[in-house]
Structure formats: structure tokens, C-alpha cells
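Residue numbers (numbering that gives the first Met the number 0): 0 to 98.
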Amino acid sequence: MSSVKTVRLPKNLTKAIVHRVRTEKIDESTAIRQLLALGVEDYAVKLYREGRVTLTEAADLANVSLREMVDILLAHGVKGNIRLDQQKKALDFVTSRVT
0 MSSVKTVRLP KNLTKAIVHR VRTEKIDEST AIRQLLALGV EDYAVKLYRE GRVTLTEAAD
60 LANVSLREMV DILLAHGVKG NIRLDQQKKA LDFVTSRVT
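Listed below in C-alpha cells is the structure:
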């Protein structure tokens with residue numbers, strides 16, 4: 000679902016949009032959407048790092064798959080926040096299903 004929003008942009012953001020339009024040879028609307036997506040991605044990483052959202056919630060916010068979110072987190076230097084007892088429980092669950 001998309002929606003139309005009207006916002007006032009500070010000069011520094013406008014400068015970044017214009018730069019992206021010129022260097023990527025894309026239209027202004029696309030540049031704005033791409034830059035917003037990057038910001039949302041960083042926001043999802045921040046929330047995950049702080050333990051405020053789960054991996055699934057972060058991926059949903061960033062509109063990417065779980066695998067992509069893991070790669071994004073690793074690229075930002077964020078390691079998993081799964082505790083050892085959670086890993087053991089998951090392994091026990093998987094093992095009980097296999098045998």
C-alpha cells in the first residue's frame with residue numbers, strides 16, 4: 000500500500016536527494032523512496048541492536064526477508080542477540096523433530 004505525504008525537507012536532505020538523482024540517473028521520487036528505505040533500514044537495525052524488536056519485526060520494518068535482515072545486521076556489526084538457552088531450546092526442538 001502506498002500513500003501520498005507532503006513534507007518539508009531541510010536543505011541537507013534536499014542536497015542528498017539531488018545528488019542521488021544526478022549520480023544514479025533516477026527521478027526525484029525514486030531517490031526519496033530509496034533514501035527513506037535506507038533510513039528505515041538503519042532504524043530497524045538500531046531497534047534490533049537495542050533489543051526493542053525481534054529479528055522478524057526488524058525484517059518486517061525494513062521490508063526485507065529474514066535472511067536479508069541477518070546480512071544487513073552483520074554489515075552493521077550487529078551480532079545475534081539470541082541467548083545460549085534459546086539456542087539450546089531451538090536445537091532440542093529441531094533434534095526432537097528429526098528423530
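Quick reminder that beta carbons are idealized off the backbone N, C-alpha and C, glycines included.
- For residue 11, the uninterrupted alpha helix (DSSP H) segment begins and ends at 10-23.
- Distance from the Cα of residue 1 is smallest, within the candidate group 18, 14, 28, 9, for 28.
- The continuous alpha helix (DSSP H) containing residue 38 extends over residues 27-48.
- The alpha carbon of residue 3 has as its nearest neighbour, out of 32, 25, 93, the alpha carbon of 32.
- In this structure the stretch 13-30 does not touch the stretch 47-64; the number of beta carbon pairs closer than 8 Å is below three.
- The C-beta of residue 72 has 16 or more other C-beta atoms within 10 Å across all chains shown, which makes the residue buried.
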